[in-house]
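In the order they appear, the protein sequences are chains R and D. Note that the numbering used here numbers the first sequence so that position 101 is 101, with each residue one more than the last. Note that the numbering used here numbers the second sequence so that position 8 is 1008, with each residue one more than the last.
2 protein chains.
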Amino acid sequence: MAVTVERSIADKTCIVGVGETEYARHGGIADKSEFRLCLEAILKAAADAGIRPDEIDGFASFGYERPEPVLIQAALGIPEMRFSNMVWGAGGGGCAAAVMNAAIAVHAGLCRYACVYRSLCQGQYERYGHYRPRPRGGPHMAPFGLMSPAQMVALTTRRHMHLYGTTTEQFGIVAVTLRAHAQRNPRAVMRGKPLTLVEHARARMIADPFRLYDCCLETDGACAVIVTTPERARDLRIRPVRILAAAQASNPGWGLGPMGSHNMPIEDYASVNSRVLAGHLFAMAGLGPADIDVAQIYDAFTGIVVMALEDFGFCGRGEGGPFVAEGRLAWPDGGLPVNTAGGLLSEAYLHGLNLVIEGVRQMRGTSTAQVADARTCLVTSGGASGHKSALILGH
Amino acid sequence: MAVTVERSIADKTCIVGVGETEYARHGGIADKSEFRLCLEAILKAAADAGIRPDEIDGFASFGYERPEPVLIQAALGIPEMRFSNMVWGAGGGGCAAAVMNAAIAVHAGLCRYACVYRSLCQGQYERYGHYRPRPRGGPHMAPFGLMSPAQMVALTTRRHMHLYGTTTEQFGIVAVTLRAHAQRNPRAVMRGKPLTLVEHARARMIADPFRLYDCCLETDGACAVIVTTPERARDLRIRPVRILAAAQASNPGWGLGPMGSHNMPIEDYASVNSRVLAGHLFAMAGLGPADIDVAQIYDAFTGIVVMALEDFGFCGRGEGGPFVAEGRLAWPDGGLPVNTAGGLLSEAYLHGLNLVIEGVRQMRGTSTAQVADARTCLVTSGGASGHKSALILGH
């Protein structure tokens, strides 16, 4: 009897190792190449899992990852690589989808230890916040004035404010809350730099309504995560973190969304395209929003967090602003602590894979802003692109 | 009991639909955009399978495919897309790996009908045969004079000639044989243009030892293939083609191979990096080279075919030239008819996905150069890159 699509890979795989490099503002660790940082993260993840690096036999990534698996294979002396793929999308579309791809590969038996990785050195290569002509075709929004992600997401966020009365102060509360979480995290680029609502409100405008501290960091670094089956995990010294659900989806008719076509249905034009995704994800896990103890929400911009809270059902449509204003995202006792390591806004911008790693820490009980008795963690990926994906991790 | 990595997805999934557009030399169908051609191929594949296009709920591709799945989803009105990924490699690394990715997704239960597709209009976008600076980093061979795939593969091919006495006439036999197969195929761009060994030998030099007819076509078009489970296939009107094995691998230490680093081990420097791959593939299928009735071998250049015959064990190391010279690749009675639709050299260059489709035709008994009683077909992908993959299809 075939498993249903709804449940498919629910709780069939697990994460047994995580690794990350130092994170730094662009150019801060320019003495290490992006490729070297990538290898460093993978070696740390293998060590964390207690496996030899050459036991890794699959790779998954996303966002046009530059260090290709065959180069990593050569560098690490991996004799048998049996799986490698990546998710489309240049802008953080798929860190959770990459974990999903690794999960189906190990679940199908195609490889033993799949490594999900992302290395992103904006100081060494392009900076996403700057305009660049897209090299390989596709929709071009530049003639309409949309040349950076901040501008693109600003439109849906502005509409959210128009429809629901969401305020820039509410976005400020997101930024300030996550910055506070970062103060406890020695890896966070913004540690030692607490933020106030006044500073948030007075910062320079980037793309209305987004001011400087509404926008994520531009950093250098790399992350890696090892996925395997529960059977293999039993032979490792580390307690596995269960992947209760992993899903990828786009609302009907969305197209590339704010990062591209802006042709999504009007009823979605104040969302982050995660309504359908959330339905699949919770159905797979057999859980609902009320069962989530802690969340790592892709926070390329503060507005995304507010809209994601609604899409994933933590509050009703249009209620994201008040939800945030009530302090619900705050550690330790907001009720739904979000981005407990500081997130993309205040820890580092590793295209969301650092959110997966913080989710693993929460499930292991080792976060620097540990949520007491946390047994489930939602991790979302992607800003508002069409390549949305999410995970539910379990204790 | 978990399935072994060796067998994993052996005979667990199948191909139930194929679709392809008209193929034309660059610019020949420029009134249809690449995206439109992509959709056309997918619609044809769905019709072939007897499913509605909006039943497709997953997509897999390779080679930095431009039409992203979210755009296709919007265009086809697909309500639920639950899976999409692609394989690295700009140069045909992964048509079989894309099928493998689709196979593990449907096998894991993540989606119902996964569509593998590739649209490639060299007339509308870049032409692979021309030098272009690589836009996103990675190894650059240009300072060493290696600016096009023909130049890169020429080096390993020249070494094969040096080591084993392989001749340019033997490469000519590959080109002439495949051109003869194309004469029976109404889709083939080179139909109506038979080739002789004299014409091959007199054609202009491209990259020694490759002359014009040693090099694949540069065409416009698109291909699509629908993968599902045997259980779902039973409800369709078409007889499924079994995916007996699907594997991806690179020899140890290869790196990006001739398309990149040229740092592969010296003992591999007259091969197409498929030795390890072939081992995995045949082990998964429980078959050996002698069990293969017909083969579709990635023929970006004639030298690749000669070396692939050795890597996949159809003959010994260094015996590829004589194997070809004996007429073994010829339809109908060479023994191992190869690229029975004309291949990338004479049908079209769709990065190998057209080879998968011809493989399906052979298993259905509908090729224009049908091999009598063919029950197994090998399909290889990738020139000599690190992202090698292959399939064994079954009747």
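All C-beta atoms in this analysis are idealised placements derived from N, C-alpha and C, irrespective of residue type, glycine included.
Residues of its chain near residue i, where Cβ-Cβ distance is below 6 Å and the 5 sequence neighbours each way are ignored
i, result
"P1135 (chain D)", "Note on P1135 (chain D): pLDDT 42, under 50, position unreliable in the model; the coordinate value appears next. Within the same chain, P1135 (chain D) has no close Cβ partners at all."
"V18 (chain R)", "A45, D48, V225, I357, V360"
"V1272 (chain D)", "I1304, M1307, A1308, D1311, A1384"
"M205 (chain R)", "R211"
"G138 (chain R)", "Any reading at G138 (chain R) needs caution, since the residue's pLDDT is 42, under 50, leaving its predicted position unreliable; the model's value is listed next. None."
"H1395 (chain D)", "M1363, R1375"
"N1101 (chain D)", "A1060, N1085"
"L1163 (chain D)", "A1270"
"A203 (chain R)", "R211, L212, Y213"
From the options, residue whose alpha carbon lies closest to that of residue i
i, options, result
"F282 (chain R)", "R:R36, R:Q73, R:L393, R:F62", "R:L393"
"C1038 (chain D)", "D:T1156, D:C1223, D:R1191", "D:C1223"
"L110 (chain R)", "D:H1107, D:C1111, D:R1112", "D:H1107"
"I1304 (chain D)", "D:S1389, D:D1214, D:I1238, D:R1036", "D:D1214"
"P1337 (chain D)", "D:C1377, D:N1101, D:V1005", "D:C1377"
"A300 (chain R)", "R:P240, R:E326, R:A154", "R:A154"
"R211 (chain R)", "R:A188, R:G386, R:P194, R:E169", "R:E169"
"L345 (chain R)", "R:L195, R:S8, R:A175", "R:A175"
"I29 (chain R)", "R:V189, R:E68, R:T177", "R:V189"
"Q1362 (chain D)", "D:G1352, D:G1129, D:R1375", "D:R1375"
"I1266 (chain D)", "D:C1115, D:R1112, D:G1253, D:L1277", "D:G1253"
"I321 (chain R)", "R:A103, R:T167, R:H280, R:E68", "Going by the sequence as given, residue 321 (chain R) is Gly instead of Ile. Of R:A103, R:T167, R:H280, R:E68, the residue nearest in Cα terms is R:T167."
"V5 (chain R)", "D:P1069, D:A1105, D:V1227", "D:A1105"
"A1060 (chain D)", "R:S84, R:I51, R:I72", "R:S84"
"R187 (chain R)", "R:L355, R:H387, R:D373", "R:L355"
"T1380 (chain D)", "D:L1277, D:L1329, D:A1325, D:T1302", "D:L1277"
"A1114 (chain D)", "D:A1103, D:A1074, D:Q1124", "D:A1103"
"S1008 (chain D)", "R:R112, R:Y128, R:L178", "R:R112"
"A74 (chain R)", "R:I51, R:L329, R:R36, R:F62", "R:R36"
"M161 (chain R)", "R:T366, R:E319, R:G335", "R:E319"
"V1371 (chain D)", "D:K1012, D:F1171, D:Y1164, D:A1295", "D:A1295"
"A1325 (chain D)", "D:V1099, D:L1197, D:R1127", "D:L1197"
Beta-bridge pairing of residue i - partner residues as DSSP gives them
i, result
"Q1170 (chain D)", "In the DSSP output, where bridge partners are listed per residue, Q1170 (chain D) has none listed."
"G394 (chain R)", "R:R242, R:T376"
"S389 (chain R)", "R:Q248, R:S381"
"E1020 (chain D)", "D:C1223"
"I1015 (chain D)", "D:V1227, D:V1241"
"A114 (chain R)", "R:G58, R:V227"
"S148 (chain R)", "In DSSP, S148 (chain R) forms no bridge with anything."
"V1338 (chain D)", "D:A1295"
"R1025 (chain D)", "D:T1219"
"S119 (chain R)", "R:A222"
Sequence-distant residues of the same chain with beta carbon closer than 8 Å to residue i, five excluded per side
i, result
"A1369 (chain D)", "H1181, R1184, N1185, W1331, P1332, P1337, T1340, A1341"
"L1076 (chain D)", "L1039, I1042, L1043, P1053, D1054, I1056"
"D1373 (chain D)", "D1293"
"D1208 (chain D)", "A1154, R1158"
"K1012 (chain D)", "A1103, H1107, T1229, P1230, I1243"
Nearest-angstrom Cβ-Cβ length linking residue i and residue j, presumed shorter than 8 Å
i, j, result
"M81 (chain R)", "E65 (chain R)", "Rounded, the Cβ-Cβ distance is 15 Å, inconsistent with contact."
"I1297 (chain D)", "L1391 (chain D)", "Actually they are not in contact, since the Cβ atoms of I1297 (chain D) and L1391 (chain D) sit about 12 Å apart, beyond 8 Å."
"F1323 (chain D)", "F1314 (chain D)", "7 Å"
"Y349 (chain R)", "C216 (chain R)", "5 Å"
"G1352 (chain D)", "P1149 (chain D)", "13 Å between Cβ atoms; not a contact."
"Q122 (chain R)", "E218 (chain R)", "4 Å"
"G221 (chain R)", "A24 (chain R)", "7 Å"
"K388 (chain R)", "Q248 (chain R)", "7 Å"
"T1177 (chain D)", "L1287 (chain D)", "Not really, about 24 Å apart at Cβ, beyond 8 Å."
Cβ neighbours of residue i in the same chain (closer than 7 Å, five flanking residues each side left out)
i, result
"R317 (chain R)", "E310"
"A1285 (chain D)", "A1010, L1244, A1245, I1392"
"Y269 (chain R)", "T156, R159"
"V1016 (chain D)", "A1049, I1226, T1228, A1233, L1236, I1238, P1240"
Residue i Cβ short of 7 Å to the ligand MG heavy atom set
i, result
"A1102 (chain D)", "Looking at this structure, you won't find the ligand MG or any other ligand, since it has none at all."
Which runs of the beta strand (DSSP E) fall wholly inside the stretch 1190-1250 of chain D and span at least 3 residues, in chain order?
Here the runs fully enclosed are 1205-1207, 1222-1228, 1241-1248.
Which ranges would you report for the alpha helix (DSSP H) in the stretch 53-104 of chain R if only whole runs of at least 4 residues count?
69-76
Tell me the start and end of each unbroken alpha helix (DSSP H) in the stretch 243-328 of chain R that is at least 4 residues and wholly inside, in chain order.
275-285, 302-311, 320-325
Going along the chain, which unbroken runs of the alpha helix (DSSP H) with 4 or more residues stay wholly within the stretch 1337-1370 of chain D?
For the stretch 1337-1370 of chain D, whole alpha helix (DSSP H) runs of length 4 or above, ordered along the chain, are 1343-1346, 1353-1364.
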